[in-house]
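Asker:
There are 2 protein chains.
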Amino acid sequence: MHQTWNQHIIKKENKTIVLETIINRTPISRAAIAQQTGLNKSTVSSLVQELLGEKIIEESGPGESSGGRRPVMLLFNQSAGFSIAIDLRVHDILGVLTDLEGNIVHEQRVLIETTNFNQVMKRLMEVIDTLIKAAPTSPYGIVGIGIGVPGVISNEGEILLAPNLGWKRIDLKAHMEQHYHLPVVIENEANAGAYGEKVFGFEEAVDHMIYASIGAGIGVGLILDNKLYKGMQGFSGELGHMTIEKDGIPCRCGNKGCWERYASEQALIKQAYEAKLIDQNTNDPLHVLIDLANSGDETAIALFNTIGTYIGIGLTNCINIFNPRMIVIGNQMAKAEKWIRPAMEHMIEEHAIGFHQEQLNVQFSSLNMYSTVYGMSAFTMEQFLQERPLLE
Amino acid sequence: MHQTWNQHIIKKENKTIVLETIINRTPISRAAIAQQTGLNKSTVSSLVQELLGEKIIEESGPGESSGGRRPVMLLFNQSAGFSIAIDLRVHDILGVLTDLEGNIVHEQRVLIETTNFNQVMKRLMEVIDTLIKAAPTSPYGIVGIGIGVPGVISNEGEILLAPNLGWKRIDLKAHMEQHYHLPVVIENEANAGAYGEKVFGFEEAVDHMIYASIGAGIGVGLILDNKLYKGMQGFSGELGHMTIEKDGIPCRCGNKGCWERYASEQALIKQAYEAKLIDQNTNDPLHVLIDLANSGDETAIALFNTIGTYIGIGLTNCINIFNPRMIVIGNQMAKAEKWIRPAMEHMIEEHAIGFHQEQLNVQFSSLNMYSTVYGMSAFTMEQFLQERPLLE
DNA sequence: AAACTTTGTTTATTGACTAGACAAACTAAG
DNA sequence: CTTAGTTTGTCTAGTCAATAAACAAAGTTT
């Protein structure tokens, strides 16, 4: 049963609406806010007064007159606080400090040689400490820390399993909150990537979007009805383990014919190895293969075509299942866009239901391996703006 | 941008909350409503007064005292209005008249010999007219007509394509609204079935549920985050056209290896024909095959095992993708539960991700081919209760 | 310079909820 | 059987947040 309504809640909700209007349309006048929201201009005036007092917005110079008195323009104060966002990957850690609009103010990337928990934690905290030190002085300071992880995260933010890190049942959230005394959000990297694409990836709002994170495995973030869909336990999006070939290649998950056995970076590398394009000591095999393809190596091109076709099969399923407005491919395999795209698009065009393709946009991520940190930043920022604790 | 809040909307929303509380916990006292909702007891008293005036609730006899004055118990007036719900299928039309709680008050089922639009419309309107005549006198009368259709329905309720009926681009909603001057809802039969299962199918509330309608083809209704998920254009849920065998059996949708080519009633019948268990003139082949299996025919049992396995492959994908709380199998193939279940459950247990199975419940529909009409009834009832137009 | 327009502030009003008082109707204890 | 206490429901006064309208400030247009 949802909450009942009273004057106090109304005021809080209306104030949030005014703030969101200022964020989305900054700079904007009180009069325009009243027009935009339908609230009475004296209501807007008093709510804006409070937001000014909270230092979450500011008045800028006068705007242009539309025939009468010049308006006073209001701005969102993106430097009122800062957010720390981390993408914890198998081989490295990417950390960014962003303002309250997601602008990256500082960043650090460190390699990790081992997935040993204690070692990784040490490096992780070093990155976070560096970012905390880099944060400018601001009214609210660091409003939260978000950490994207390649694994299964429960609704409570506990890492249940991160197979590529070799981690099981780790309460990273509690550990970090106890250390830093800040709100901490832990999320699956594909879910975070989907959210990052949704908030920062496009010019227009997208209500239904599928983000395919194609790296070592395949994880999918689902933005459905304008929300990140997580399922009953927070475990949704395991499309990497969707069967595309019954009785096919066995997978470590126990199933057979899983999409990620055919269409991931790992699948590509395995086939390249068997085609003797690379050997076990090849460093950064994906780039080696991209370079070979760029140089006209037909075997490498054929391998990318095959992978592109398999990516297309799984995305065709996504299109038929979700009827999305947008599909975004991200993570490592997006680097091979040039060689994957033709076969992938051909598979989709030929096989996805015609109706579903009418307004669909399939693209590779424009956020260049930053999707996940953008998503984690958005999570902590939005949590802060929704709750807006009292100014210290 | 969502609406702003004011006094008028507060009262309306709180009144709706009070009404929903009465519906869900009937009979209930004012004092208990206040306790349940957190609203002040005088607020509840005045809102209840209005609902009594609208004849949507009633006072019943006194309740039991808990130590002081006896309470006056309030009841939802399920006979305040009635809803008409139709399941328009390829071979027949099922129509029901329900009260505002979904209780079936009257029903009619007619066979249709042709899918010719004009003929079907004639029969459809006959059924609706019969149900309208059967409706008791009530304050609000017929509050709406809901029609479930096997096809692609746009967000505006237009039938874009119903391949099994041979229909294209039919604005059934406008046609029916013009004729009956009542609100009309048109929805895909699998979506309606999912909603019917959600509202009427279980003892406890279910936020994430997958309804697999396995008939001539396979349609899937998705209840995600407590809502029916429809996608950008209203076309989601085409899991019948999810590839489970790359380069597999060609499908009329243009893809290959679609789930419904392997796991539908049509797939079963095709295999039974090839196994010479039935011929082209066999009437009601599904029941013939069930009877053969019941009599110990091993070929028939083997066919059901095969179909059960294929159903399990697709449901395994659903489990991995959506992480649902419940999966319900409905429509024609649910009649073969006994022979499908063992192989289906085995496939799921062996192949779905272990985490996802922890709290999952997979079951066959208990609504016995009524899922779709129950869903359509729920749509029109809820639309009415949300809007509650003035009493005539 | 005067009239009009637009933006923003101030004041009075309105309506819905809440707090508390009161009434009605019960149960329990003496 | 009477009195005290409890619970439910109604009534009244108060509070708060939004709105309507008046007013002020600052511009543009005639």
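Protein sequence lines correspond, in order, to chains X and D. With the working numbering as the guide, the letters of the first sequence map in order to residues 714 to 1105. With the working numbering as the guide, the letters of the second sequence map in order to residues 714 to 1105. Quick reminder that beta carbons are idealized off the backbone N, C-alpha and C, glycines included.
#1: How would you list, in chain order, the residues of chain X whose beta-carbon sits under 7 Å from the beta-carbon of D:T717?
#2: List, from N- to C-terminal side, the alpha helix (DSSP H) runs of 4 residues or more that fit wholly inside the segment 717-744 of chain X.
#3: Return helix, strand or coil for D:L765, following the three-state DSSP convention.
#4: Using a Cβ-Cβ cut-off of 6 Å (strictly less than) and excluding sequence neighbours within five positions of X:A1106, which residues of its own chain qualify?
#5: Check distances from the C-beta atoms of the segment 949-963 of chain D to those of chain X and list, in chain order, the residues that come in under 9 Å.
#6: Would you mind stating whether X:G909 and X:S1084 have Cβ atoms separated by less than 7 Å?
#7: In angstroms with no decimal places, state the Cα-to-Cα distance between D:M714 and D:L885.
#8: Say whether the segment 1019-1029 of chain X touches the segment 1051-1060 of chain X, bearing in mind that this needs 3 or more beta-carbon pairs closer than 8 Å, one atom from each stretch.
#9: Going along the chain, which residues of its own chain have a beta-carbon closer than 7 Å to the beta-carbon of D:K1048, five neighbours each way excluded?
#10: Do you know how far the Cα of D:G947 is from the Cα of D:Y853?
#11: Tell me which residue opens and which closes the alpha helix (DSSP H) that X:P1055 is part of.
#12: Start and end of the beta strand (DSSP E) containing X:Q1070?
#13: Of all the alpha helix (DSSP H) runs that stay within the bounds of the segment 895-979 of chain D, which reach a length of 4 or more residues?
#14: Should X:M955 and X:W972 be called a contact, given that it needs their Cβ atoms to be closer than 7 Å?
#15: With burial defined as no fewer than 16 other Cβ atoms inside 10 Å of the residue's Cβ, what is the status of D:L787: buried or exposed?
#16: Does the Cβ-Cβ distance between X:E1107 and X:V809 come in under 7 Å?
#17: Determine, using beta carbons only, whether X:E1095 comes closer than 7 Å to chain D.
#18: Work out the CA separation of D:N1044 and X:L981 for me, nearest whole Å.
#19: Does any C-beta atom of chain D lie closer than 7 Å to the C-beta of X:Y924?
#20: Label X:K959 either buried or exposed according to how many other C-beta atoms from any shown protein chain fall within 10 Å of its C-beta, with 16 as the threshold for buried.
#21: Do you know how far the Cα of D:A798 is from the Cα of D:L1080?
#22: Within 7 Å (strictly less), CB to CB, does X:Y908 reach chain D?
#23: In chain order, what residues of the same chain have a beta carbon less than 6 Å from the beta carbon of X:T828, not counting five sequence neighbours either side?
#24: How close, in whole Å, do the beta carbons of X:A1065 and X:I1032 come, if the pair is a contact with beta carbons under 8 Å?
#25: Put D:Q1045 into one of helix, strand or coil per three-state DSSP.
#26: Residues in its own chain within less than 6 Å of D:G907 by CB, not counting five upstream and five downstream?
#27: Let's see if you can read the secondary structure: which residues bound the beta strand (DSSP E) around X:E771?
#28: Counting only C-beta atoms, is D:M834 closer than 7 Å to chain X at any point?
#29: Does any CB atom of chain X fall closer than 7 Å to the CB of D:C1031?
#30: Would you call D:L1104 buried or exposed, if buried means 16 or more other Cβ atoms sit within 10 Å of its Cβ?
#31: Pair every Cβ in the segment 840-854 of chain D with every Cβ in the segment 863-871 of chain D, then say whether three or more of these pairs are closer than 8 Å.
#32: Does the segment 1009-1016 of chain X come close enough to the segment 1087-1100 of chain X to have 3 or more Cβ pairs within less than 8 Å?
#33: Would you report the Cα separation of D:E1106 and D:A875, rounded to the nearest angstrom?
#34: Using only CA atoms, which one of D:A929, D:K943, D:H892, D:D920 lies nearest to D:I900?
#35: Taking only beta-carbon positions, decide if X:H888 is within less than 7 Å of chain D.
Answerer: On the basis of the coordinates in this document:
#1: Reading the second sequence from its first residue, position 4 is the one you call residue 717 of chain D. In chain order: N727, I730, T750, G751, L752.
#2: 720-738
#3: Counting from 1 along the second sequence, the entry for residue 765 of chain D is found at position 52. Looking at D:L765 - three-state DSSP - the assignment turns out to be helix.
#4: Here chain X has residues from 714 to 1105 only, and residue 1106 of chain X is not among them.
#5: S949, G950, E951, L952, G953, H954, M955, T956, I957, E958, K959, D960, G961
#6: One-based indexing of the first sequence puts residue 909 of chain X at position 196. One-based indexing of the first sequence puts residue 1084 of chain X at position 371. Yes. Within cutoff.
#7: The residue labelled residue 714 of chain D in the question sits at position 1 within the second sequence. The residue labelled residue 885 of chain D in the question sits at position 172 within the second sequence. With a pLDDT of only 45 at D:M714, under 50, the local geometry of the prediction cannot be trusted, and no value is derived from it.
#8: yes
#9: In the second sequence, residue 1048 of chain D corresponds to position 335, counting from 1. These residues qualify, in order along the chain: L999, I1003.
#10: Locating residue 853 of chain D in the second sequence gives position 140, where the first residue counts as 1. Locating residue 947 of chain D in the second sequence gives position 234, where the first residue counts as 1. Using only the alpha carbons, I get a separation of about 30 Å.
#11: Translated into the one-based positions of the first sequence, residue 1055 of chain X becomes position 342. Segment 1050-1064, the alpha helix (DSSP H) holding X:P1055.
#12: For the purposes of this step, residue 1070 of chain X is taken as residue 357 along the first sequence, with counting starting at 1. From DSSP, X:Q1070 is part of no beta strand (DSSP E) but of the alpha helix (DSSP H) over 1067-1070.
#13: 902-913, 972-976
#14: Counted from its first residue, the first sequence places residue 955 of chain X at position 242. Counted from its first residue, the first sequence places residue 972 of chain X at position 259. In contact: X:M955 and X:W972 (Cβ atoms closer than 7 Å).
#15: Counting from one through the second sequence, the residue named residue 787 of chain D turns up at place 74. Its Cβ being crowded by 16 or more others within 10 Å, D:L787 is buried.
#16: With chain X represented from 714 up to 1105, any question about residue 1107 of chain X goes unanswered, as that position is not in the structure.
#17: If you number the first sequence from 1, residue 1095 of chain X lands on position 382. It does not; no Cβ of chain D falls within 7 Å.
#18: The count along the first sequence starts at 1 and reaches residue 981 of chain X at position 268. The count along the second sequence starts at 1 and reaches residue 1044 of chain D at position 331. Distance between the alpha carbons of X:L981 and D:N1044: 41 Å.
#19: Within the first sequence, the letter at position 211 stands for residue 924 of chain X. It does not: the Cβ of X:Y924 has no partner Cβ on chain D nearer than 7 Å.
#20: Position 246 of the first sequence, counted from the first residue, corresponds to residue 959 of chain X. Classification for X:K959: buried.
#21: Stepping through the second sequence from its first residue, residue 1080 of chain D is reached at position 367. Stepping through the second sequence from its first residue, residue 798 of chain D is reached at position 85. Those two C-alpha atoms are separated by around 15 Å.
#22: Locating residue 908 of chain X in the first sequence gives position 195, where the first residue counts as 1. With 7 Å as the cut-off, X:Y908 does not count as an interface residue toward chain D.
#23: Here residue 828 of chain X corresponds to residue number 115 of the first sequence, with the count starting at 1. Around X:T828: L878, G879.
#24: The residue you call residue 1065 of chain X lines up with position 352 of the first sequence. The residue you call residue 1032 of chain X lines up with position 319 of the first sequence. About 4 Å; that satisfies the 8 Å criterion.
#25: Residue numbering aside, residue 1045 of chain D sits at position 332 when the second sequence is read from its first letter. In the structure shown, D:Q1045 sits in a helix (DSSP, three-state: H, G or I).
#26: The residue you call residue 907 of chain D lines up with position 194 of the second sequence. Note on residue identity: the sequence assigns Ala, not Gly, to residue 907 of chain D. So the qualifying residues of the chain are Y924, G934, I936.
#27: Walking along the first sequence from the start, residue 771 of chain X turns up at place 58. Unbroken beta strand (DSSP E) run through X:E771: 770-775.
#28: Within the second sequence, numbered from 1, the residue matching residue 834 of chain D stands at position 121. Chain X contact via Cβ: absent.
#29: Taking the second sequence and counting its residues from 1, the one referred to as residue 1031 of chain D is at position 318. No, no contact with chain X.
#30: Translated into the one-based positions of the second sequence, residue 1104 of chain D becomes position 391. Flag for D:L1104 reads exposed.
#31: no
#32: no
#33: Chain D is shown only over 714 to 1105; residue 1106 of chain D falls outside these bounds and no answer can be derived.
#34: Taking the second sequence and counting its residues from 1, the one referred to as residue 900 of chain D is at position 187. Checking the displayed sequence, the identity of residue 900 of chain D turns out to be Glu instead of Ile. It is D:K943 whose Cα lies nearest to the Cα of D:E900.
#35: Here residue 888 of chain X corresponds to residue number 175 of the first sequence, with the count starting at 1. No, no contact with chain D.
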